Amino acid sequence: MAKKINHRGRGGHRELLFSLCSLCSLWFFQNPFQKITKSLAFHASQIVREQSATKQCTDRSKTPRIPCTINQNSPYINHLMNGRVSTPWWRDSLPLHKCLISIGSIIDAMGFSIYRKLVIWFVFASLLSLGLATAIGIHSVDTVVIAILLALVIAGILARSISAPISELAHTAGAIADGDLTKRVNTRRDDEIGELAVAFNRMADVLKENTDAVEEKTLELERVNAELKELDQLKSEFISIASHELRTPLTTLKGYLELALDGTLGEFTELQTSKLKIMDRNTDRLIGLINDLLNLSDIQSRQLHLVKENSSLIYLVDEAVRFIKPLADSKGHEIVVNVPDNILISCDWARIAYALRHLLDDAARFTPKPGTIEITAEYQVGDVYVRVSDTGIGIPESELEKIFIPFYELKGSMQHTTGTSGLGLSIVKGIVEAHGGMIWVESEVGAGTVFHIVLPRG
Numbered sequence: 001m002a003k004k005i006n007h008r009g010r011g012g013h014r015e016l017l018f019s020l021c022s023l024c025s026l027w028f029f030q031n032p033f034q035k036i037t038k039s040l041a042f043h044a045s046q047i048v049r050e051q052s053a054t055k056q057c058t059d060r061s062k063t064p065r066i067p068c069t070i071n072q073n074s075p076y077i078n079h080l081m082n083g084r085v086s087t088p089w090w091r092d093s094l095p096l097h098k099c100l101i102s103i104g105s106i107i108d109a110m111g112f113s114i115y116r117k118l119v120i121w122f123v124f125a126s127l128l129s130l131g132l133a134t135a136i137g138i139h140s141v142d143t144v145v146i147a148i149l150l151a152l153v154i155a156g157i158l159a160r161s162i163s164a165p166i167s168e169l170a171h172t173a174g175a176i177a178d179g180d181l182t183k184r185v186n187t188r189r190d191d192e193i194g195e196l197a198v199a200f201n202r203m204a205d206v207l208k209e210n211t212d213a214v215e216e217k218t219l220e221l222e223r224v225n226a227e228l229k230e231l232d233q234l235k236s237e238f239i240s241i242a243s244h245e246l247r248t249p250l251t252t253l254k255g256y257l258e259l260a261l262d263g264t265l266g267e268f269t270e271l272q273t274s275k276l277k278i279m280d281r282n283t284d285r286l287i288g289l290i291n292d293l294l295n296l297s298d299i300q301s302r303q304l305h306l307v308k309e310n311s312s313l314i315y316l317v318d319e320a321v322r323f324i325k326p327l328a329d330s331k332g333h334e335i336v337v338n339v340p341d342n343i344l345i346s347c348d349w350a351r352i353a354y355a356l357r358h359l360l361d362d363a364a365r366f367t368p369k370p371g372t373i374e375i376t377a378e379y380q381v382g383d384v385y386v387r388v389s390d391t392g393i394g395i396p397e398s399e400l401e402k403i404f405i406p407f408y409e410l411k412g413s414m415q416h417t418t419g420t421s422g423l424g425l426s427i428v429k430g431i432v433e434a435h436g437g438m439i440w441v442e443s444e445v446g447a448g449t450v451f452h453i454v455l456p457r458g
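Those letters in the sequence shown? Residues 1 to 458, by the UniProt record's numbering.
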C-alpha cells in the first residue's frame with residue numbers, strides 16, 4: 001500500500017511539473033513577446049508617420065499606387081496599420097510599402113514559430129530535469145524544484161537569445177524615429193528574427209533614400225519659389241509704375257476728347273464726331289484697365305486703403321443699377337431689385353459700389369438673350385447678405401474656383417467678345433475680403449449664375 005501511494009506521489013509531481021512548466025511558458029514568453037512585437041510595430045509606424053508629416057513628396061504623379069495586401073486580421077499588423085500609417089506619402093511609396101509588408105508578414109508569422117520552439121524546449125527541459133532527478137533517486141518535492149530551476153535556466157538563455165536582438169531592433173527603430181537614418185540592425189542570424197532585421201534594414205534604406213530625395217526636391221523648390229517670388233515682385237512693381245505713368249497722359253487725352261465732343265473746340269462733322277466718340281470709349285476702357293491694374297496691385301500687396309463710412313445699401317445698389325441700365329436695356333434684360341431701405345453697412349462706399357457694378361455688369365454681358373438680373377439683400381445674424389443672380393450662360397463646375405484668378409478666361413466663354421479684362425472678379429473678391437467678408441459663386445451651364453456676398457455690418 002505504501003509503494004502505491006509513493007507511486008501516485010511521483011505521478012502527481014510529474015503532473016504538477018508539466019502544469020507549472022506550461023504556465024511558466026505561457027506567462028514568460030507569450031506576453032513579453034507580444035509586448036516586444038507591438039513595441040516594434042509602434043516604432044516602425046512612428047518612423048513612417050513622422051517622415052510623412054515632415055517630408056512631403058513633391059512629385060507624386062510619377063509614383064505608382066498599389067493596393068494594401070497586408071493581413072488585416074493580424075494583431076501586430078492591426079497595431080501597425082490602425083490609424084498610424086495612413087498618409088498619402090506612405091501609400092504612394094512603392095518600395096517602402098513593400099518593406100512594411102515584408103516586416104509585417106515576418107512579425108505575423110514568427111510569433112507562433114518562436115512560441116512553438118519555446119514550448120518544445122520547455123517540455124524537453126522538464127522531461128530532462130525529471131529524468132535526471134529520477135535517475136539520481138530523488139523522489140520528493142525536490143524533483144519539481146530542480147525541474148523548475150533547470151527550466152528557468154534554459155528559459156533565461158532562450159529568452160536572452162530572442163529578446164536581445166528584438167530589443168536591439170526596437171532600439172534601432174527608436175534611433176531612426178529620432179532622425180538617425182544611418183542606424184542599422186545586426187543581420188547575422190538565420191532565423192525569423194534575422195529575416196525581420198534584413199527587412200527592417202531594407203525599410204531604413206528606403207526611408208533614407210526617400211528622405212534624401214525629398215530634401216533635394218525641397219531645396220530645389222525653395223530656390224524656384226524664391227526666384228518666382230522675386231519675379232512676381234518685379235512684375236507688380238512694373239505694373240504699378242507703368243499704370244501710374246500711363247494714367248496721367250490718358251487722363252489728359254480724355255479731357256481734350258470731352259472738350260471736343262461738347263463743342264468747346266469748335267464744330268466737327270458727323271463723321272469726325274463719330275470717330276471722337278470711338279476714341280472716347282476706348283480711352284475709358286484704357287483708363288478702366290489701368291485702374292483695375294492699380295487696384296489689383298494694391299490688393300496683392302495688401303495695401304488696399306479703405307475709407308469706411310455708414311452707407312445705405314439701397315443707395316449703392318441704385319447707383320450700380322443706373323450704371324448698367326443702358327447695357328441691360330439694349331439687350332432686353334429685366335432688372336429686379338429686392339433690397340430693403342433700412343439696411344445700413346459700414347464700408348468704403350467707392351469700393352463696394354465698384355464690386356456691385358462689376359457683378360451686375362457681368363450679369364448683363366454674359367446673358368446673351370433677354371433674361372432676368374436680380375439683386376437681393378437682407379440681414380443675417382449680424383451680417384449683410386447680398387445675392388446677385390442672372391439667367392445667363394452659366395459657368396462649368398470645373399471652372400468655378402478659377403474665375404477669381406486674375407486674367408482667367410473661361411473656356412468657350414464670351415469674355416473675348418464682351419470687352420472685359422479678366423481682372424474684375426479678382427478685384428471684387430479682394431474688396432470683399434478687405435472688408436472682412438466673403439464671396440462665393442454657384443452656377444449651372446445654360447441656367448445662370450449666382451454670386452453670394454456676406455459683409456459685416458460694422
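Where is the CB? At the ideal position from N, CA and C, for every residue including glycine. From a predicted model like this one, the values you see are computed outputs, not experimental measurements.
(request) Select from Thr248, Asp390 and Ala213 the residue whose C-alpha is nearest the C-alpha of Leu286. (result) Here residue 286 is taken as the residue at index 286 of the sequence shown, counted from 1. Residue Thr248 is the option with its Cα nearest to Leu286.
(request) Check whether the Cβ atoms of Phe268 and Leu359 lie closer than 7 Å to each other. (result) As a position in the sequence shown, residue 268 is number 268, starting the count at 1. As a position in the sequence shown, residue 359 is number 359, starting the count at 1. Their beta carbons are not under 7 Å apart, which means Phe268 does not touch Leu359 by this criterion.
(request) Sort out for me which residues DSSP pairs Phe451 with in a bridge. (result) Translated into the one-based positions of the sequence shown, residue 451 becomes position 451. For Phe451, which the question treats as bridged, DSSP gives the partners Val388 and Val441.
(request) Could you please give the first and the last residue of the uninterrupted beta strand (DSSP E) stretch that includes Lys308? (result) Counted from its first residue, the sequence shown places residue 308 at position 308. Here the beta strand (DSSP E) through Lys308 covers Lys308 to Ser312.
(request) Helix, strand or coil for Glu216, going by three-state DSSP, please let me know. (result) By one-based count along the sequence shown, residue 216 stands at place 216. Of the three classes helix, strand and coil, the one that applies to Glu216 here is helix, per DSSP.
(request) Could you check if Ser398 is buried or exposed, using at least 16 other CB atoms within 10 Å of its CB as the buried criterion? (result) Within the sequence shown, numbered from 1, the residue matching residue 398 stands at position 398. Exposed, since its Cβ has fewer than 16 Cβ neighbours within 10 Å.
(request) With distances taken Cα to Cα, identify the nearest neighbour of Gly371 among Ile345, Thr449 and Val428. (result) Position 371 of the sequence shown holds residue 371. Gly371 has its Cα closest to that of Thr449, out of Ile345, Thr449 and Val428.
(request) Would you mind sorting Gly437 into buried or exposed? The rule is 16 or more other CB atoms within 10 Å of its CB. (result) Locating residue 437 in the sequence shown gives position 437, counting from the first residue. So Gly437 counts as buried.
(request) Indicate the three-state DSSP secondary structure (helix, strand or coil) for Leu344 in the structure shown. (result) Within the sequence shown, residue 344 is the residue found at index 344, counting from 1. The answer is strand: DSSP assigns Leu344 an E or B state.
(message) By the three-class DSSP mapping on this structure, what secondary structure does Val337 have?
(response) Locating residue 337 in the sequence shown gives position 337, counting from the first residue. DSSP places Val337 in strand when its eight states are reduced to three.
(message) As a quick exercise: from Leu294, Arg457 and Ala260, pick the residue whose alpha carbon is nearest that of Ser240.
(response) For the purposes of this step, residue 240 is taken as the residue at position 240 of the sequence shown. Taking only the C-alpha atoms, the option nearest Ser240 is Leu294.
(request) Consult DSSP for Asp383 and reduce its assignment to one of helix, strand or coil. (result) Translated into the one-based positions of the sequence shown, residue 383 becomes position 383. Strand, per DSSP.
(message) Considering just the uninterrupted stretch of the alpha helix (DSSP H) at Glu433, what are its terminal residues?
(response) Working through the sequence shown from its first residue, we reach residue 433 at position 433. Per DSSP, Glu433 belongs to the alpha helix (DSSP H) from Gly424 to Ala434.
(request) Please confirm whether Leu259 and Leu265 have their CB atoms less than 7 Å apart. (result) Along the sequence shown, read from residue 1 onward, the residue named residue 259 stands at position 259. Along the sequence shown, read from residue 1 onward, the residue named residue 265 stands at position 265. Yes, the pair counts as a contact, with Cβ atoms nearer than the cut-off.
(message) Less than 6 Å between C-beta atoms, sequence neighbours within five positions excluded: which residues of the same chain meet that for residue 508?
(response) With the chain covering only 1 through 458, there is no way to say anything about residue 508.
(message) Taking the straight line between their C-alpha atoms, what separation do you get for Leu410 and Ile395?
(response) In the sequence shown, counting from the first residue as 1, residue 410 sits at position 410. In the sequence shown, counting from the first residue as 1, residue 395 sits at position 395. Rounded to the nearest angstrom, the two C-alpha atoms are 8 Å apart.
(request) Work out the CA separation of Leu228 and Thr218 for me, nearest whole Å. (result) Here residue 218 refers to the residue found at position 218 of the sequence shown. Here residue 228 refers to the residue found at position 228 of the sequence shown. The alpha-carbon atoms of Thr218 and Leu228 are separated by roughly 15 Å.
(request) Could you check which residue in Glu222, Ile299 and Asn282 has the C-alpha nearest to that of Leu423? (result) Here residue 423 refers to the residue found at position 423 of the sequence shown. Selected option, being the one with the closest Cα: Ile299.
(request) Kindly indicate which three-state DSSP category Glu267 falls into: helix, strand or coil? (result) Your numbering for residue 267 matches position 267 in the sequence shown. DSSP places Glu267 in coil when its eight states are reduced to three.
(request) Spell out the partners DSSP gives Ala377 in its beta bridges. (result) In the sequence shown, the residue the question calls residue 377 occupies position 377. Answer is Val386, bridged to Ala377.
(request) State the beta-bridge partners of Pro326 as determined by DSSP. (result) To locate residue 326, count along the sequence shown from 1; it is residue 326. For Pro326, which the question treats as bridged, DSSP gives no partner whatsoever.
(message) For Val336 and Ala434, what's the separation of their Cα atoms in angstroms?
(response) For the purposes of this step, residue 336 is identified with residue 336 of the sequence shown, where counting begins at 1. For the purposes of this step, residue 434 is identified with residue 434 of the sequence shown, where counting begins at 1. Computed Cα separation, rounded: 28 Å.
(message) Using 8 Å for Cβ pairs, my map puts Pro368 next to Ile403. What's the rounded Cβ distance?
(response) Locating residue 368 in the sequence shown gives position 368, counting from the first residue. Locating residue 403 in the sequence shown gives position 403, counting from the first residue. That belief does not hold up - the Cβ atoms of Pro368 and Ile403 are roughly 18 Å apart, past 8 Å.
(request) Indicate whether the contact test is met: 3 or more Cβ pairs, each with one atom in the segment 197-206 and one in the segment 167-181, closer than 8 Å. (result) yes
(request) Could you name each continuous alpha helix (DSSP H) segment of 4 residues or more that falls completely within the segment 225-305, going from the start of the chain to the end? (result) 270-300
(message) I need the straight-line Cα distance from Thr252 to Arg457, nearest angstrom please.
(response) Along the sequence shown, read from residue 1 onward, the residue named residue 252 stands at position 252. Along the sequence shown, read from residue 1 onward, the residue named residue 457 stands at position 457. Whole-angstrom Cα-Cα distance: 39 Å.
(request) Label Val339 either buried or exposed according to how many other C-beta atoms from any shown protein chain fall within 10 Å of its C-beta, with 16 as the threshold for buried. (result) Numbered from its first residue, the sequence shown carries residue 339 at position 339. Label assigned to Val339: buried.
(message) Within the continuous alpha helix (DSSP H) that includes Ile352, where are the two ends?
(response) Your numbering for residue 352 matches position 352 in the sequence shown. Unbroken alpha helix (DSSP H) run through Ile352: Trp349 to Arg365.
(message) Could you tell me the alpha carbon to alpha carbon distance between Ile405 and Ala213, rounded to whole angstroms?
(response) For the purposes of this step, residue 405 is taken as the residue at position 405 of the sequence shown. For the purposes of this step, residue 213 is taken as the residue at position 213 of the sequence shown. Distance between the alpha carbons of Ile405 and Ala213 is about 33 Å.
(request) Decide yes or no for the touch test of the segment 304-313 against the segment 342-352: beta carbon pairs closer than 8 Å, at least 3 of them. (result) yes
(request) Tell me whether Pro456 sits in a helix, a strand or coil according to DSSP, three-state version. (result) In the sequence shown, counting from the first residue as 1, residue 456 sits at position 456. DSSP places Pro456 in strand when its eight states are reduced to three.
(request) Compute the Euclidean distance between the alpha carbons of Leu261 and Lys275, then round it to the nearest angstrom. (result) The residue labelled residue 261 in the question sits at position 261 within the sequence shown. The residue labelled residue 275 in the question sits at position 275 within the sequence shown. Each residue's Cα considered, the two are about 10 Å apart.
(request) Identify which residue in Gly332, Ile278, Leu234 and Thr376 has its Cα closest to the Cα of Ala364. (result) Position 364 of the sequence shown, counting from 1, holds the residue named residue 364. Taking only the C-alpha atoms, the option nearest Ala364 is Gly332.
(request) Could you check the C-alpha separation between Glu342 and Gln272 for me, to the nearest Å? (result) Mapped onto the sequence shown, residue 342 falls at position 342. Mapped onto the sequence shown, residue 272 falls at position 272. In the sequence on display, residue 342 carries Asn and not Glu. So the two alpha carbons sit approximately 49 Å from each other.
(request) Inspect the beta-carbon positions of Thr172 and Val185 and report whether they are closer than 7 Å. (result) Here the question's residue 172 lines up with position 172 in the sequence shown. Here the question's residue 185 lines up with position 185 in the sequence shown. Contact: yes.
(request) Tell me whether the beta-carbon of Ile375 lies closer than 7 Å to the beta-carbon of Val384. (result) Reading the sequence shown from its first residue, position 375 is the one you call residue 375. Reading the sequence shown from its first residue, position 384 is the one you call residue 384. No, the pair does not count as a contact, with Cβ atoms beyond the cut-off.
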